[in-house]
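K.L.:
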Amino acid sequence: MRIDTFYDGVEIHREEKIIYAKFLIPHQVLSTCRAAGGMQTGLQYVFNHQSCEPTGHMHGLPSSAYRDPEAYRRHICERYGLPAEGCATLGTAANMNNACIETQTFRDLIVAAVCTGGVETNAGRAGDPAAVVETAEGFEKLPPATTEPGPGTINTMLFINKPLTPGAMARVIMTATEAKTAALQELAVNSRYSDGLATGTGTDQIAVAAAQSAGPPLTSAGKHVKLGELIGCAVLKAVKGTLALQNGLTPSRQCSAHIHLERFGVTHPSMLEQICRFLEGDQARLLRQNFIAIERDPITVAAVAAMAHLKDKFAWGILPATCWSDVMGACAAQVACAVSGKYHRMDDYRQRLAPTKDEKVNADFIELVCKAVAMGFGEKWA
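For the sequence shown, our numbering gives the first residue as 378, with consecutive numbering after it.
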């Protein structure tokens, strides 16, 4: 089924588990396709294909197809009646019905982004520990530093109605990648492989197609030119839109103290248990019955998010280690005040919560936050 058309040059079709772009006019394509990647002219199609469900599932393809990019492309193209040699491919476990399309225009310039995405178990930060190293024999597993890679991929197909120079095509990928990372930043997506915020997933893919129309090619796609702005807006909106559909990942869902702390090694149940360790029996029971409302309270979330952000500032060297106790004591007191509502107790909370040592390990940081929540909750109804 045709679901969209861009600038009378590209048709977007969706059938079962595939979304494909059919070029009505010639396009230059730069992609991460394993079979037809890099810069290509003469392609007729670019497609994004769901090969399996996100979790616990491998279906429909022989195992050899995953190791052989050409076999993978042939298999998918045969199934959907597409010419294999004329296609660039992207692959994912995301549902094609959760794709998001965003179009941006300025005068006669048109940019369209078609994105699918999932980040629940595979979001990572550039520089996180790797899982494999590629050798002449294939991919060798490395001793896992943290977690084995899970499912999750952000795929982007980007269409531009103007010709671009090869350098500008490469710059499109830079700008689109920054936009994807900005979307994850705005959603406070955690890395699953470190205590940092995610910048993408380990399997993200992209295809950029620029119409080979009349006129001189555009030479820049950076943030200072209008093309770069359109790319950034289209990709940012499309990534956020598809993550909302695929993962239910929305700004309001991220208003959670637990979510802002998750990358430091705490789960929803373990956070509750740690807080209850600092409470008496009746108070602990009351918290257990109301924990979701407490940890999603916007004022509490703001205070906890501030602590997480400031911990990053220490990790990055922006704040000196000698200020850890003063800063974290004051911030933990803010958390306690947010929970209790008793801001006149700020100074007392600060004195009681200030860390006695400059220990910034994640477990101690989580304990401090949980102690602050417990201190505030213990006095909320006093």
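Glycine included, every Cβ here is placed at the ideal spot set by N, Cα and C.
Would you check if the segment 612 to 628 and the segment 720 to 740 touch, i.e. whether three or more CB-CB distances between them fall below 8 Å?
P.N.:
In short, these stretches do not touch, since the Cβ pair count stays below three.
K.L.:
Considering only residues of the same chain and omitting the five flanking positions on each side of PRO446, which have a CB-CB separation below 7 Å?
P.N.:
Within the same chain, PRO446 has close Cβ partners ARG411, ALA412.
K.L.:
In three-state DSSP terms, what is PHE655?
P.N.:
The answer is coil: DSSP assigns PHE655 none of H, G, I, E or B.
K.L.:
Excluding the 5 residues flanking CYS610 on each side, which residues of the same chain have their C-beta closer than 6 Å to its C-beta?
P.N.:
Closer than 6 Å at Cβ, skipping near neighbours: GLN481.
K.L.:
Cβ of SER568 within 7 Å of any heavy atom in the ligand ZN?
P.N.:
Absence of the ligand ZN from the depicted structure is noted, as is the absence of any ligand whatsoever, leaving it without description.
K.L.:
Determine the burial state of MET648: buried for a count of at least 16 other Cβ atoms within 10 Å of its Cβ, exposed for fewer.
P.N.:
That one is buried.
K.L.:
Please classify GLN721: does DSSP put it in a helix, a strand, or coil?
P.N.:
According to the sequence as given, residue 721 is His; it is not Gln. The answer is helix: DSSP assigns HIS721 an H, G or I state.
K.L.:
So, at 7 Å on beta carbons, what are the nonlocal neighbours of THR576 in its own chain, with the 5 sequence-adjacent residues on each side left out?
P.N.:
Within the same chain, THR576 has close Cβ partners ARG502, ALA503, THR558, LEU561.
K.L.:
So, at 6 Å on beta carbons, what are the nonlocal neighbours of GLU479 in its own chain, with the 5 sequence-adjacent residues on each side left out?
P.N.:
These residues qualify, in order along the chain: ALA490, ALA611, LYS614, ALA615.
K.L.:
Check HIS404 in the structure and name its three-state DSSP category.
P.N.:
It is a strand residue.
K.L.:
Would you say the segment 566 to 575 touches the segment 447 to 456, given that touching needs at least three Cβ pairs under 8 Å?
P.N.:
No: the two stretches stay apart, fewer than three of their Cβ pairs being nearer than 8 Å.
K.L.:
Mind pulling the beta strand (DSSP E) runs of 3 or more residues that sit fully within the segment 566 to 619?
P.N.:
As far as the segment 566 to 619 is concerned, its whole beta strand (DSSP E) runs of at least 3 residues are 582 to 588.
K.L.:
Give the DSSP-derived three-state secondary structure of LEU379 in the structure shown.
P.N.:
According to the sequence shown, residue 379 is Arg rather than Leu. Reduced to three states, the DSSP call for ARG379 is strand.
K.L.:
Taking contact to mean 3 or more Cβ pairs, one atom from each stretch, closer than 8 Å, check whether the segment 594 to 606 and the segment 534 to 541 are in contact.
P.N.:
Cβ pair count under 8 Å is three or more, so yes.
K.L.:
What is the rounded straight-line gap between the Cα of LEU564 and the Cα of ASN624?
P.N.:
Each residue's alpha carbon lies about 12 Å from the other.
K.L.:
Classify CYS389 as buried or exposed, calling it buried when 16 or more other Cβ atoms lie within 10 Å of its own Cβ.
P.N.:
Checking the sequence shown, residue 389 turns out to be Ile, not Cys. Result: buried.
K.L.:
Under three-state DSSP, which class holds LEU561?
P.N.:
In this structure, LEU561 counts as helix in the three-state DSSP scheme.
K.L.:
Would you tell me roughly how many angstroms separate the C-alpha atoms of CYS714 and ARG654, rounded to the nearest one?
P.N.:
Near 19 Å, if we compare the C-alpha coordinates of ARG654 and CYS714.
K.L.:
Please classify SER629 as buried or exposed, where buried requires at least 16 neighbouring CB atoms within 10 angstroms.
P.N.:
Result: exposed.
K.L.:
At the level of alpha carbons, what is the spacing between ASN532 and MET705?
P.N.:
Roughly 39 Å separates the two Cα atoms.
K.L.:
Is the number of C-beta pairs between the segment 730 to 750 and the segment 672 to 689 that are closer than 8 Å three or more?
P.N.:
Because the criterion of three Cβ pairs below 8 Å is met, the segment 730 to 750 and the segment 672 to 689 touch.
K.L.:
LEU459 to PHE400, Cα distance in whole Å?
P.N.:
If I take the Cα positions, the gap works out to 12 Å.
K.L.:
Quick one: give me the first and last residue of the beta strand (DSSP E) that LEU687 is part of.
P.N.:
Careful: LEU687 lies outside any beta strand (DSSP E), inside the alpha helix (DSSP H) at 675 to 692.
K.L.:
Measure the Cβ-Cβ separation of GLN427 and THR469 and say whether it is below 8 Å.
P.N.:
Yes, Cβ-Cβ distance for GLN427 and THR469 is below 8 Å.
K.L.:
Let me know the secondary structure DSSP gives CYS747 once reduced to three states.
P.N.:
The answer is helix: DSSP assigns CYS747 an H, G or I state.
K.L.:
Count the other C-beta atoms from every protein chain shown that fall within 10 angstroms of the C-beta of LEU519, then say buried if there are 16 or more, exposed otherwise.
P.N.:
Exposed.
K.L.:
Among residues of its own chain, excluding the 5 on either side of GLY433, which ones have a beta-carbon nearer than 7 Å to its beta-carbon?
P.N.:
In this predicted model, GLY433 has a pLDDT of only 47, less than 50, meaning its place in the structure is not dependable; the value taken from the coordinates is given anyway. Nothing meets the Cβ criterion.
K.L.:
Closest to GLY419 by CA distance: which of ALA587, PRO593, LYS748 is it?
P.N.:
It is ALA587.
K.L.:
On the three-state DSSP scale, how would you describe ILE319?
P.N.:
Within the shown structure, residues of the chain are numbered from 378 to 759, placing residue 319 beyond reach of any answer.
K.L.:
ALA621 by DSSP, collapsed to three states: which one?
P.N.:
Three-state DSSP puts ALA621 in a helix.
K.L.:
Compute the distance between the beta-carbons of VAL585 and LEU696, then report whether it is under 8 Å.
P.N.:
Taking 8 Å as the Cβ cut-off, VAL585 and LEU696 do not qualify as a contacting pair.
K.L.:
Counting along the chain, where does the alpha helix (DSSP H) carrying ILE760 start and finish?
P.N.:
The displayed coordinates of the chain run from 378 to 759. Any statement about residue 760 would go beyond what the structure contains.
K.L.:
Thinking ALA670 and VAL712 are a contact (beta carbons under 8 Å), I'd like their distance in whole angstroms, please.
P.N.:
Incorrect: roughly 16 Å between the Cβ atoms, too far for contact.
K.L.:
Just how far apart, CA to CA, sit PHE536 and GLN582?
P.N.:
For PHE536 and GLN582, the distance between alpha carbons rounds to 15 Å.
K.L.:
Measuring straight from C-alpha to C-alpha, what distance separates THR580 and GLY529?
P.N.:
Spanning the two alpha carbons is a distance of roughly 7 Å.
K.L.:
If I follow the unbroken beta strand (DSSP E) through ALA471, where does it start and stop?
P.N.:
That residue, ALA471, is in no beta strand (DSSP E); it is neither H nor E in DSSP.
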